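> Line by line, the protein sequences are chains S and R. Here our numbering is used: the first residue of the first sequence is 90, the next is one more, and so on. Here our numbering is used: the first residue of the second sequence is -10, the next is one more, and so on. Glycine included, every Cβ here is placed at the ideal spot set by N, Cα and C. These numbers come from a predicted model, not from an experiment. Take a look at the following structure, please.
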Amino acid sequence: MKRISVDIGGTFTDCFVAWDGRYIQSKALTTHHNLAQGFNEALDHACTTLDLRRDSVLHEVDSVRYATTLGTNALIERRGPQVGVIVTAGFEATIPLSRGRGYGEGLDELAKNDMSSGTRPDPLVPQTLIRPVDERIDYSGEVLLELSRDGVRRALRELVDAGAEALVVCLTNAVQNPGHELAVQEIFLAEYPAHQLGAIPMLLSHQLSGRKGEYVRAMSAIVDAFLHATMYHALSELEQNLRDHGYSRPMLVIHNSGGMAQLNSTDALQTIHSGPVAGISASEHLATQASLGNVVATDMGGTSFDIGLVPADGVKHYDFMPVIDRWLVSVPMIHLVTLGAGGGSIASYNRLHQSVSVGPRSAGSDPGPACYDRGGLLPTVTDADLLLGYLTPERYAGGQIKLNPQRSEFAIDEEFGDYLDLEPVEVARLIKAEVDEQMANGMAKELRIRGYLPAEFTMLAYGGNGPLHCCGIARHLGIDRVLAPPYSSVFSALGAGNMPQLHIHERSVPLVFFDASTKAIFTDFTRFNGIVAELEDKGRADLRRQGLPETAVRHRLELDMRYGNQLVTMAVVAQKPRLDGIGDVVGLMQLFANDYGRRFGQGSQSPEAGIRATTIRVASYVQGDTVEFDTAPPDGSATAAAPVGSRLCHFAGVAGAVDTPVFDESALEPGRSVPGPAIVTTPTTTYLVEPGWRIETGAHGAIWFLANPREQEDRQ
Amino acid sequence: MSDPGAAQFTPQDQEGVAAFLAGTTLFLGPDPEIMNDHRMAPRTADEDRLLSGPIDANALDRVRKRIVAGLDEAFEMMEQTGAAPGAKWGDLTSAVYSASGDLIHISTGGVLAFASVLHYPVRFISKYWANDPSVGIHDGDAFIHNDARYGNIHNTDQSMILPVFYDGELIAWVATIIHEGENGAKEPGGMPSSSESAYDDGIRMSPFKIVERGQIRRDLLTFLQNSVREPKLQYQDLKVKLYSAQRIKERLVALLDEVGRDAFVASLRKSLEDIEAEARRRIAELPDGTFRVNFFSDSTLRENVLLKYPCAVTVKGDELTVDWRGAAPQFLNRAFNATLGTAKCGLGQAVLGFFWPDLPRGISVMNPMEVLTDEGSCINPGLEAPLGQSLQGAFKTFGVVQALFAKMQYSCPEKYGSLIAPWFNQINTFLFGGLTQHGEFVGNVCADLNGMGGGARAHRDGENSMAPFFAAMADLGEQEIIEDDVPFLQLISKKIKRDAQGFGKHRGGMGYEIAVAARGTPLWGFATVSSGSKFPAVPGLFGGYGCPSYPLAKIKGVNVFQQMQGAPRNWSFDFETLMNAQPFTGARYTTHHMGMGFELADEGEVYMICQGSGGGYGDVLERDPEAVMADVEAGYLSPETARDVYFVVSDPATLAVDLAATEAARAEERQARLGRGRPYGDFVNEWVTPEPPQHLPYYGSWGDDNSIIHATAWTTQGPVRVSGPMNQLPQIMLPDPNLLALAAQQARIAELEARLQKLDGQ
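Below you can see the structure in the form of structure tokens.
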């Protein structure tokens, strides 16, 4: 297998090249003015390792795949066209009011709770660019009021006159009956042919999302319209660059649904958060290959801590209404939680409880932690890590940033000195404990709310600060093994290399599987199977359009189910692609009950209130070759690595300073072990092995943190 | 000389009498000793021991965070699994209480007030059921409760209360609360505005055991299901609350295993004491003095009246006294009365929701606060007073306190929230009930109650329809999803109501129009439960205007869905146009106050209301003319209002502001104001009367003397003004407005018949 996969982040472009069993990772700075430059540089680094020319490599690879945070950044920076929106009359303020709660989406809890200061973000579409048209369709799709065609013409004219550069149409209940949205498009094309307006795109909401929910569907279309041009131009530029250098196959773009598709089959909205989702996908692949069982994937960087779940039971955890930047949208996205905790998180004195708090404010990278000596005056997690002895001042970030511990001491003293009768290093110990526990609490909540026990999980720790804090986090959770995965510094890029080409199609279709009043069980199999077949056809057509053979297409059928009138549904993966009899319906209800009981407690199920399926979803995919790892957990045969020095460090639960061996990257070669306490310093990452833990290393740079049996006993 | 009677009682006699009296209690009603005490319990000897020595504040703080994480987990669980509209759209909470019943922590999201009245039933359970052999408190038990007289905002909220035992010791309580809606009240939906007695308020669950050692009592569950219109909802959400509370309990027990009993207990108590200490510190920052405001409500929800809600907050050192004496008396056959506990929730919400939103939400924030009320007033009524719309009282006690806090903190250098004009404080929404398109009987409330407009801030406008003042991050929902479950459409769903804003230098956040019509149901009806149709529900701040008043409008005797098919041009998605143009021949167009009791609606009949605006901040003449015209451009303001209220002169075609002309117009208006102005003494002489106008159905004190209450009582001779101290007033009961209307019609008929007879005689 020869393949290139790339994750274009805000700072770095990560590249992973699979070349007939050889795996090469490389990085370059992201070049925002022209993404191709950063990509070429990263690829060139890999080519140097392969001793091949870039053109030769591009000519021979089976695919080039991109995950990117480009869309997220464009949204944050509000770089996009003026979007005009047509809505059903009577719903003019649905978008500006953002379900009321839009003022707090994407903010921390304190900001959400301070209603006196609550302020909605600057809108992507102001009220002045929203036009109503007279029409109304009811919940079942019946037309109650015909579309006013003159009203559509008037609305279009006003929006164009007002300078709209992209148009969105979101009419109420359009997913049930798209007739009026299609009619608006028809009028638009007739009234404003391309030669008049150029290429003003018009997006119809029902084509972006098959789910009910007029606000989230409108926002999905608006975000898509807003990002479309930026994404399309940037990615087209990348594709042209590939063409220029000998690559002739379609470029593939990673989707946040956990799959990927060609550029021309990709909505901009589907690319948001695709980098972190690719990381979760890599975790899933790794978990399967190495039989890791339940895995919780964590990515701790400078400002945030991402959590993703990969349970062994195969349950897919989606966010159907994720928040993107400050906006609630409707797109089935792989579940991903981001906590505001990272190396740059600011520590402060909590006057109320006379304790140490960490976050949610972050010093970011500019000015950064106090020890960066770049003007930052507030103490951060990184300052604490430095004072505790974990970081090597002269080797931080490959030696690019010289850390100044005096700055850290000063910052801690300034913030805490008046209140706590403690030395700065003791305060640092509290900061470390606090941030570790915060992240552990966040992970515990994510796992427990879904019915999982944290102690039954393997934690994957990647991202710059993951290996430094993973022991501390795991200890709080009762997790006894942590894997800093192979190629962890380009882990999302690696994930992109393993994802299947996948399209998801879904329809809101209220189906009563069990009617509590009549005690009747669903029997309209023809209708159900017809919808599934229709969704499969759509997915198959998508994949065929990308040149994939129909015979290779596989489908996964998922139903969103609920009891009674609950709002939130749970995804149930059907064991069969069709319903052939009432037994199949009972089977689905049982699957739902099992998962519901596991999540919310056995006995919490309430089938007596009725059981409904609200959405039918089909994931159509073609599974390609994947990267093979030798990542079996250590068997105890590792040999001890030799330290290169030692220094005094401070650890939670251990009084005073501990003379701690320090290792360099050679300690991470396959088959080595490092007992804790220890520090392993590499140019990009620091591995902290806390007392009671040890490191054992596997192939491809897999690094296992294992709790010693005694540590486990102590916990029990 | 000794008392000869006293000598007859020996200690044994006294013991016997006490035992006799204890054994002959007729029924365990709400206990005034519990219900009048909003403060946390004193330290127990055990808590004193734990906190007297050196403590690890960081370790205890981490215990606190773990507890809150558990509450958040349960909150999310309830939100995901709850079936009531309230659960779906944010009207729920989870909480932890100490063994003494003090509210310690609540979930980060949700309704603070739900939890902040629940210490009353927790204490009731502890006091009365713990040692009662027929009840008892055991591990695995759970108690259900909804009766506001025992501590609840209103009877539509149901709570599940679980004891947490650790090594056999009752160490804490956990509770989960959801606004369930339907409760079997006189009207569907659980908030009956036409309630005429406490027995019209629906099922009243004093705290009782619904789960016995882990088993739901099916007999009691069946009784509850029989008592409400939605037995399915009653069943489903009872389990949701139970399993969510059990989840919290599991987390607490695991935490106890980890940190130990002493650290857990110490953390609970320290959290409370920390909050009190901080509250006192913040009060001490406020300038000493007394701050006063008077609010009025214009409705009993059945008729137009004027109800007074005075408030005087006195700051002295680190303590506050909140004086609500002088408020309107209780009405024994109207639904707007609020228990003292409910009324205090308004204070708690103002403090923790707006004044100090950063403070953890424990009961002890109220420790430095004294609350004064008149017994027998509408915010401290007797047990027989109906409470179906007790929100009215809590909304006003919130509003008066919020209005004062902005003034109290204005000069303080450190502020913990923004300086803000009063938030809109009425639930301008529809309650509904009937048979759905799926054949189920339902009764509940639309999520639009979450669309209250925010007050204007010192630094910017209020946010349009942002949240109810009592629940951050509440949700207006998605109409498409709602229409899947109920047989009515919002034909106007969300459209900002033009000109309906609290004007000011910064304007209040505006509300939106709603027009509903039933379709595809054999039986359906609506109700509305708000005041503020005649007199603004909230005032402005520092010269800003209050919110407008909002009517209910109906178009009856027409099926608009047929009109849409046959004569689509007749329909308009605009409240004003429909009511002014009256496009449907033969239909009846009427406007009303917003206290519409449940009313059956035929298919296609239209009911229209508006969500309300927050108060404005500052003088309209100081508003940026560009901001005024931006509102005009957005359709939020008419050019006429821009000109007449804000004195902004603009080009009618381009809406461009003519700055010079605007300044001239504003200067002219300032001069005109001076002309209209009066010296204060003259104004008082001209305006102030010794008592309320005789024709006005007025209730409450008049002027500064809050010891005398004025009220219009009904006698056999009709309405009579009475005045006196609260405890000397007659009980206020008003006649049924429908009977009055009938009597008026009968009188009119009699008059006409008499005239006819006279004519016949001629």
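1. Do the CB positions of Arg240 of chain R and Gly59 of chain R come within less than 7 Å of each other?
2. Would you call the segment 31 to 42 of chain R in contact with the segment 504 to 512 of chain S, where contact means no fewer than 3 C-beta pairs closer than 8 Å?
3. So the beta strand (DSSP E) Cys104 of chain S belongs to, where does it begin and stop?
4. Going by DSSP in three states, Gln751 of chain R sits in which element: helix, strand or coil?
5. Measuring CA to CA, which of S:Leu147, S:Glu754, S:Ala125 is closest to His334 of chain S?
6. Note down, in chain order, every chain S residue with its Cβ under 7 Å from the Cβ of Ala72 of chain R.
7. I need the DSSP call for Lys238 of chain R, collapsed to helix, strand or coil.
8. Interface residues of chain R around Val445 of chain S at Cβ under 7 Å?
9. CB-CB under 7 Å to Arg219 of chain S, same chain, minus the five flanking residues each way: which ones, in chain order?
10. Taking DSSP as the reference, what is the three-state secondary structure of His789 of chain S?
11. Is Gly364 of chain S helix, strand or coil when you go by DSSP?
12. In three-state DSSP terms, what is Cys560 of chain S?
13. So, using beta-carbon positions, are Val674 of chain S and Ile610 of chain S closer together than 7 Å?
14. Inspect the beta-carbon positions of Glu314 of chain S and Leu292 of chain S and report whether they are closer than 7 Å.
15. Should Tyr501 of chain R be flagged as near chain S, meaning a C-beta pair shorter than 7 Å?
16. In the DSSP output, which residue or residues are listed as bridge partners for Gln479 of chain R?
17. Output needed for Trp691 of chain R: all residues of its chain with C-beta closer than 7 Å, excluding positions within five of it in sequence on either side, in chain order.
18. For the segment 578 to 629 of chain S, list the beta strand (DSSP E) runs that are entirely contained and at least 3 residues long, ordered along the chain.
19. Looking only at C-alpha atoms, which of R:Gly179, R:Gly750, R:Leu309, R:Glu158 sits nearest to Phe515 of chain R?
20. Please list, in chain order, the chain S residues whose beta carbon lies closer than 9 Å to that of Tyr139 of chain R.
21. Which of the three DSSP states is assigned to Lys494 of chain R in this structure?
22. Where in the segment 415 to 448 of chain S do unbroken runs of the beta strand (DSSP E), each at least 3 residues long, occur, reported from the N-terminal end onward?
23. Starting from the Cα of Arg450 of chain S, find the closest Cα among S:Tyr652, S:Leu467, S:Tyr461 and give me that residue.
24. Which residue from S:Leu358, S:Ala367, S:Lys608, S:Pro456 puts its Cα closest to that of Trp416 of chain S?
25. Just to confirm my understanding: we take Ala702 of chain R, look at its own chain, exclude 5 residues before and 5 after, and list those with CB closer than 7 Å. What are they?
26. If contacts are defined as beta-carbon pairs under 8 Å, then Ile808 of chain R and Ala504 of chain R qualify, I think. What distance do you get, rounded to the angstrom?
27. Tell me the DSSP secondary structure of His269 of chain S in three-state form.
28. Identify, in the order they occur along the chain, each residue of the same chain with its Cβ nearer than 7 Å to the Cβ of Gln551 of chain R, setting aside the five sequence neighbours on each side.
29. For chain R, is any of its Cβ atoms less than 7 Å away from the one on Met532 of chain S?
30. Which value, in whole angstroms, describes the spacing of the CA atoms of Ala174 of chain R and Gly521 of chain R?
31. Can you list, in chain order, the residues of the segment 541 to 560 of chain R whose Cβ is nearer than 8 Å to any Cβ on chain S?
32. Tell whether a beta-carbon distance below 7 Å holds between Ser182 of chain R and Val518 of chain R.
33. Roughly how many angstroms lie between the CA atoms of Phe387 of chain R and Phe343 of chain R, to the nearest whole one?
34. Where do the ends of the beta strand (DSSP E) carrying Tyr688 of chain R lie?
35. DSSP beta-bridge partners for Arg154 of chain S?
36. Label His684 of chain R either buried or exposed according to how many other C-beta atoms from any shown protein chain fall within 10 Å of its C-beta, with 16 as the threshold for buried.
This is what the structure holds:
1. Within the second sequence, numbered from 1, the residue matching residue 240 of chain R stands at position 251. Within the second sequence, numbered from 1, the residue matching residue 59 of chain R stands at position 70. Yes; because the gap between Cβ atoms is below 7 Å, this pair is in contact.
2. no
3. In the first sequence, counting from the first residue as 1, residue 104 of chain S sits at position 15. Taken as a continuous stretch (DSSP letters only), the beta strand (DSSP E) holding Cys104 of chain S covers 101 to 108.
4. Start at 1 with the first residue of the second sequence, and residue 751 of chain R comes out as number 762. Correct three-state label for Gln751 of chain R: coil.
5. In the first sequence, the residue the question calls residue 334 of chain S occupies position 245. Of the listed residues, the one whose Cα sits closest to His334 of chain S is S:Leu147.
6. In the second sequence, counting from the first residue as 1, residue 72 of chain R sits at position 83. Gly653, Asn654, Gln655, Ala698, listed in chain order.
7. As a position in the second sequence, residue 238 of chain R is number 249, starting the count at 1. Helix at Lys238 of chain R.
8. In the first sequence, residue 445 of chain S corresponds to position 356, counting from 1. In chain order: Asn47.
9. Locating residue 219 of chain S in the first sequence gives position 130, counting from the first residue. It should be noted that the sequence gives Ile, not Arg, for residue 219 of chain S. Contacts found: Val174, Val176, Glu181, Ile184.
10. Looking up residue 789 of chain S in the first sequence gives position 700. Looking at His789 of chain S - three-state DSSP - the assignment turns out to be helix.
11. In the first sequence, the residue the question calls residue 364 of chain S occupies position 275. DSSP places Gly364 of chain S in helix when its eight states are reduced to three.
12. Residue mapping note: residue 560 of chain S aligns to position 471 of the first sequence, counting from 1. Helix.
13. Residue 674 of chain S sits at position 585 when you count from the first residue of the first sequence. Residue 610 of chain S sits at position 521 when you count from the first residue of the first sequence. Taking 7 Å as the Cβ cut-off, Val674 of chain S and Ile610 of chain S qualify as a contacting pair.
14. To locate residue 314 of chain S, count along the first sequence from 1; it is residue 225. To locate residue 292 of chain S, count along the first sequence from 1; it is residue 203. First, the amino acid is wrong: residue 314 of chain S is Ala here, not Glu. Yes, the Cβ-Cβ distance between Ala314 of chain S and Leu292 of chain S is below 7 Å.
15. The count along the second sequence starts at 1 and reaches residue 501 of chain R at position 512. Yes, Tyr501 of chain R counts as interfacial toward chain S.
16. Indexing the second sequence from 1 puts residue 479 of chain R at position 490. Under the DSSP definition of a beta bridge, Gln479 of chain R partners with R:Val505.
17. Numbered from 1 along the second sequence, position 702 holds the residue referred to as residue 691 of chain R. Closer than 7 Å at Cβ, skipping near neighbours: Glu680, Pro681, His699.
18. 590 to 604
19. Looking up residue 515 of chain R in the second sequence gives position 526. It is R:Gly179.
20. Sequence index remark: in the second sequence, residue 139 of chain R carries index 150 (1-based). By Cβ distance, chain S contributes nothing, its closest Cβ being about 27 Å from Tyr139 of chain R, past 9 Å.
21. Counted from its first residue, the second sequence places residue 494 of chain R at position 505. It is coil, neither helix nor strand.
22. 426 to 428, 434 to 439
23. As a position in the first sequence, residue 450 of chain S is number 361, starting the count at 1. The shortest C-alpha separation from Arg450 of chain S is found at S:Leu467.
24. Here residue 416 of chain S corresponds to residue number 327 of the first sequence, with the count starting at 1. Ranking the options by Cα distance to Trp416 of chain S, first place goes to S:Leu358.
25. Walking along the second sequence from the start, residue 702 of chain R turns up at place 713. Closer than 7 Å at the Cβ level, and outside the excluded window around Ala702 of chain R, lie Val709, Val711, Pro719, Ile721.
26. The displayed coordinates of chain R run from -10 to 751. Any statement about residue 808 of chain R would go beyond what the structure contains.
27. The residue given as residue 269 of chain S occupies position 180 in the first sequence. His269 of chain S falls in the helix class under three-state DSSP.
28. If you number the second sequence from 1, residue 551 of chain R lands on position 562. Taken in chain order, the residues that qualify are Gly593.
29. Stepping through the first sequence from its first residue, residue 532 of chain S is reached at position 443. Not closer than 7 Å to any Cβ of chain R, the Cβ of Met532 of chain S fails to qualify, so no.
30. Counted from its first residue, the second sequence places residue 174 of chain R at position 185. Counted from its first residue, the second sequence places residue 521 of chain R at position 532. It is roughly 24 Å from the alpha-carbon of Ala174 of chain R to the alpha-carbon of Gly521 of chain R.
31. Here the close residues are Phe550, Met553, Gln554, Pro557, Trp560.
32. On the second sequence, residue 182 of chain R is found 193 positions in, with the first residue counted as 1. On the second sequence, residue 518 of chain R is found 529 positions in, with the first residue counted as 1. Contact flag set, yes.
33. By one-based count along the second sequence, residue 387 of chain R stands at place 398. By one-based count along the second sequence, residue 343 of chain R stands at place 354. Their Cα atoms are separated by approximately 10 Å.
34. Translated into the one-based positions of the second sequence, residue 688 of chain R becomes position 699. 687 to 691 is the span of the beta strand (DSSP E), which, as asked, contains Tyr688 of chain R.
35. Position 65 of the first sequence, counted from the first residue, corresponds to residue 154 of chain S. By DSSP's assignment, Arg154 of chain S forms a beta bridge with S:Ser94, S:Leu341.
36. Start at 1 with the first residue of the second sequence, and residue 684 of chain R comes out as number 695. With fewer than 16 other Cβ atoms within 10 Å, it is exposed.
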